[in-house]
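First residue of the sequence shown? That's 1 in the UniProt record's numbering, and the numbers climb one at a time after it.
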Amino acid sequence: MPVPLSNYLPRILNRRPFFQQPCRLCGRHEGRDGLCDGCRAILPTLNGPLCPVCAEPQPHALPPDVACGRCQRRLPAFDALFAPYRYDYPLAELLHHYKYGKALGDGALLASLLAGFAHHKQGSADLVVPVPLAKERLAERGFNQCDALALALADIMKSVFSPKLCWRKRNTAAQARLDLTARRHNLDDAFGVESRLDGLCVAIVDDVASSGSTLSALAFSLKKQGAKRVEAWVLARAVSPKT
1 MPVPLSNYLP RILNRRPFFQ QPCRLCGRHE GRDGLCDGCR AILPTLNGPL CPVCAEPQPH
61 ALPPDVACGR CQRRLPAFDA LFAPYRYDYP LAELLHHYKY GKALGDGALL ASLLAGFAHH
121 KQGSADLVVP VPLAKERLAE RGFNQCDALA LALADIMKSV FSPKLCWRKR NTAAQARLDL
181 TARRHNLDDA FGVESRLDGL CVAIVDDVAS SGSTLSALAF SLKKQGAKRV EAWVLARAVS
241 PKT
């Protein structure tokens with residue numbers, strides 16, 4: 001049976017001293033948490049102006065309370081999405097290695113990047129929830145890549161880490177293989193929520209956001225259970241080619 005990352009990733013992840021380790025990208029230098037200063041400097045920052053809802057880069061700045069055209073046509077169920085980076089080289093390779101190569105040692109590095117961003121944004125929530133995997137996919141992969149990110153976010157926000165609050169009702173098709181319309185229908189009623197959340201703010205955590213359909217579907221289920229606000233926090237945002 002897969003062992004949750006939370007069983008062996010200490011909750012003091014972001015309170016420990018920064019250890020100098022060989023860089024996981026270049027391997028030539030050492031850096032804090034396994035990323036040298038040179039490689040840290042070339043991480044693809046997600047720069048503005050951004051949509052205040054989905055964080056998609058925009059050609060022109062929008063008023064703080066005005067969403068982008070796509071969100072106006074179909075507003076996501078989450079209230080806001082936060083991401084420090086674009087899904088691009090070299091972060092994309094690091095995430096892929098962690099997620100599919102089972103490079104669990106990269107989890108602490110990636111988690112520290114998201115936690116540092118949340119600290120800068122002064123993020124807060126009552127509960128922090130990793131996007132759940134279906135049982136079949138969890139068994140195949142051996143771990144949920146979102147657990148380490150969510151645990152670090154909960155630690156920096158001083159929130160309750162809630163990895164068992166939500167679950168996938170079925171093994172949905174991989175979102176990356178579907179077009180936008182199919183992605184939305186693929187996730188209809190895909191998530192279950194364990195308990196009522198009346199008046200609570202919930203942060204949901206994924207590694208990458210592209211269309212935002214998965215995050216929106218989970219947020220919808222949480223709001224059906226009474227959540228007052230749902231924020232999506234991801235490490236990387238895939239952006240449209242036009243941006």
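C-beta: ideal position from N, C-alpha, C; glycine also.
**Request:** Would you kindly work out how many angstroms separate the C-alpha atoms of residue 204 and residue 61, rounded to a whole number?
**Result:** As the crow flies, the alpha-carbon of residue 204 is around 26 Å from that of residue 61.
**Prompt:** Skipping 5 residues on each side, what residues in its chain have a beta carbon closer than 8 Å to that of residue 67?
**Reply:** 51, 52, 53, 54 and 75
**Selected residue, minimal CA-CA separation from residue 167, among 144, 125, 84 and 41** = 144
**Request:** Name the one or two DSSP bridge partners that residue 166 has.
**Result:** 193
**For residue 82, the first and last residue of its enclosing beta strand (DSSP E)** = 80 to 82
**Prompt:** Between residue 207 and residue 234, which are expected to be in contact by the criterion C-beta below 8 Å, what is the C-beta distance as a whole number of angstroms?
**Reply:** 7 Å
**Message:** Using only CA atoms, which one of 27, 40 and 82 lies nearest to residue 236?
**Reply:** 82
**Request:** At 3 residues or longer, and completely inside the stretch 27 to 53: list those beta strand (DSSP E) runs for me, N to C.
**Result:** For the stretch 27 to 53, whole beta strand (DSSP E) runs of length 3 or above, ordered along the chain, are 30 to 32.
**Prompt:** Pairing CB atoms from the stretch 126 to 145 with CB atoms from the stretch 186 to 204, are three or more of them under 8 Å?
**Reply:** yes
**Candidates 123, 194, 64 and 106, of which the one nearest residue 84 by Cα** = 123
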